[in-house]
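Following: one structure in structure tokens, then a few remarks.
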Amino acid sequence: MQTMKNATTTVAVASRRRFISIGAAAGLAGAAPWAFAQEGYPKQPIKLIVPFAAGSGTDAVARITAQMLGEALKASVIVDNRAGANGVIAAEFVAKAPPDGYTLFMTTNTTHSANPSLMKSLPYDPVKDFAPVSRMGNLPFMLVVNNDLPVKSVAELLAWGRAHPGKLTYASGNSTGIVSGATLSRMSGVPMLHVPYKSTPPAIADLIGGQVSMMVVDLAAGLATVKAGKMRAIAVTTQERTKLFPELPPLAETPELKGFDITSWNGVFAPAGTPRDVVLKLNKVLSEMANGTAFRERVAKLGFDAFGSTPEELGAFTVAELAKWKKLIQAAGIQPE
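Count the sequence shown with mature numbering (1 follows the signal peptide of the UniProt record, and there is no 0) and you get residues -37 to -1, 1 to 300, in order.
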């Protein structure tokens, strides 16, 4: 009886071990392919999603990033513009993409700082749905006006607006433009009508054509048009003057706008769940690139101030910026839509 009991126990244990082994194998067989994506990564082209149209500042920086990232990884990196809905279309696409390292997101404070306070609901969470990779830098903005508007300074613009109530309109192609325009109106007390656009390039086109009076645009997107004399720049949104336009005073130098300081930032994210090895490999390349001379010199011509970070630093920065932009938006009197 004892022998039979031991034999039965042995069979049961063996069967249980076999069951566990089969279950484990089945689990591995059914595992998502990106669970092993870090081995030999990258093995296929990488998409770098941009939430704005071609010709925008983020697009310009993304194209330089894609080229240099591809060279470093010895892989093809393709810029994929998915403009619309203030970056929501692109952000949702990336959030729901396979976390295998082949879909990356070059984005800004629009999707990852401002949208949660500008919109009542979002189809993505800027913290939970993304894996931070690296910061890439900051992009200053400037206030530009239509050439036919008879003003050459912020003081003259505000005086004209007070003398012509209801006549000033401002375009926007992103959250920085929305919040900057609303803040300018609130702080100065001059009513300004907001005209939203899908992205920056069509907003610039209408500004040149006289459909809108002014807009706050990033230096990269507005640089060529300003230098061509098609629209007039009168100030920057940062508290410091920029190297590209040292003659432009900060908006904060105007008495009514003391303390005005709004800057856009850029960073690279991957979908949440992307293998840690892949994130670290990408971070090493991107952070070294952003801190390196070659990249910095190229993007500096666009007015972009480049610098990299660790994934953890970008993650903490994102959380802090969400709180900062919530305060900016509430102070500007903008209601979520």
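Where a beta carbon is used, it is the ideal one built from N, C-alpha and C, also for glycine.
Going by DSSP, Asn246 is part of the alpha helix (DSSP H) stretching over Arg239 to Asn254. Counting C-beta pairs with one atom in each stretch, the stretch 58 to 72 and the stretch 119 to 129 have fewer than three that are closer than 8 Å, which means they do not touch. A straight-line Cα-Cα distance of about 14 Å links Phe267 and Glu203.
About 25 Å separates the Cβ atoms of Leu291 and Val114, ruling out a contact at the 8 Å cut-off. In the DSSP assignment, Thr146 is bridged to no other residue. Between Ala46 and Ser162 the beta-carbon gap is near 4 Å, inside 8 Å, which marks them as a contact. With a threshold of 16 other beta carbon atoms within 10 Å, Ser272 meets it and is buried.
In the three-state reduction of the DSSP assignment, Val51 falls in the helix class.
Burial check for Arg239: the Cβ neighbour count within 10 Å stays below 16, so the residue is exposed.
The continuous alpha helix (DSSP H) containing Lys190 extends over residues Leu182 to Lys190. Under the three-state reduction of DSSP output, Ser135 falls in the strand class. When DSSP states are grouped into helix, strand and coil, Pro234 belongs to the strand group. The shortest C-alpha to C-alpha distance from Pro165 to any of Val199, Met155, Asn137 and Trp288 is the one to Asn137. Judged by DSSP in its simplified three-state form, Pro213 adopts strand. Distance from the CA atom of Pro209 to the CA atom of Glu275, rounded to whole angstroms, is 34 Å. When rounded, the separation of the alpha-carbon atoms in Glu300 and Val40 is 35 Å.
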